[in-house]
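A.B. asks: Residue numbers for the sequence shown follow the working numbering, beginning at 1078 and rising by one.
I'd like to ask you about the structure that follows.
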Amino acid sequence: MTDTFRLTSVLKLRRRERDQAGKDVAEANAAISLLDAKLQEIDEQDRSMDELRRKSSDGPIDLGQLLDAQRFQMVLAAQRTHIERDRSLLLQELDRRQRKLVVCQQSVRSLEKLEEQHVIRLEERSRAKEQSRLDEWSQVQRTVAIRREG
């Protein structure tokens, strides 16, 4: 049996896959955050248009401005619908990527446990060899001492 862990290259490959899966999860989270920010921006613009419409109803009504605000709110509503659909798809993709990351993490952990067991076996063999050498040296010293006495 060799002293090197035979699955080292597989472990390195699995670690790279795990790291890439982690980056993919982070990328999906970042994309969702961007869409959340865009939705928040749309909400703020929509509230601004509501405020504009409410203010225009207090005094003389500028029909053109009121219609422009309503049209803009319709555009905002369409954008919101589109972004929410994209966000839903991204959430599904995030879930898929997270499941893949978990599988990769489990694979890496399994290989790391095997590597740990390999190291433990190597240490045990090394200690056994050292003990054998010490026993042999002790036996030689005892034999030498007996010959001197005799």
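Positions of the beta carbon are idealized from the N, C-alpha and C atoms, including for glycine.
Quick check: the stretch 1184-1202 against the stretch 1107-1122, are at least 3 beta-carbon pairs closer than 8 Å?
C.D. replies: As far as the Cβ criterion goes, the stretch 1107-1122 does not touch the stretch 1184-1202, which means the pair count is below three.
A.B. asks: Given that a residue counts as buried once 16 or more other Cβ atoms are within 10 Å of its Cβ, and exposed if not, what is Leu1178?
C.D. replies: That one is buried.
A.B. asks: What does the alpha-carbon distance come out to for the pair Lys1089 and Leu1191?
C.D. replies: Going by the C-alpha atoms only, they are around 13 Å apart.
A.B. asks: Leu1049 and Ala1108: beta carbons closer than 8 Å?
C.D. replies: For the chain, the structure presents residues 1078 to 1227; residue 1049 sits outside this window and is missing.
A.B. asks: For Ser1174, which residues of its own chain have a beta-carbon under 6 Å away from its beta-carbon, when the five flanking residues on both sides are left out?
C.D. replies: A small correction: the amino acid at residue 1174 is Arg; Ser does not occupy that position in the sequence shown. Contacts found: Asp1101, Val1102 and Ala1105.
A.B. asks: If we count Cβ pairs, one from each stretch, closer than 8 Å, do we get three or more for the stretch 1142-1154 versus the stretch 1120-1130?
C.D. replies: Verdict: yes, contact present.
A.B. asks: Mind checking whether Gln1182 and Arg1095 have CB atoms under 8 Å apart?
C.D. replies: Yes, Cβ-Cβ distance for Gln1182 and Arg1095 is below 8 Å.
A.B. asks: What are the start and end residues of each continuous alpha helix (DSSP H) run of 4 or more residues lying completely inside the stretch 1128-1172, in chain order?
C.D. replies: As far as the stretch 1128-1172 is concerned, it has no whole alpha helix (DSSP H) run of at least 4 residues.
A.B. asks: With 16 other CB atoms within 10 Å as the buried threshold, where does Leu1111 fall?
C.D. replies: It counts as exposed.
A.B. asks: So what's Thr1085 in DSSP terms, helix, strand or just coil?
C.D. replies: Thr1085: helix per DSSP, three-state reduction.
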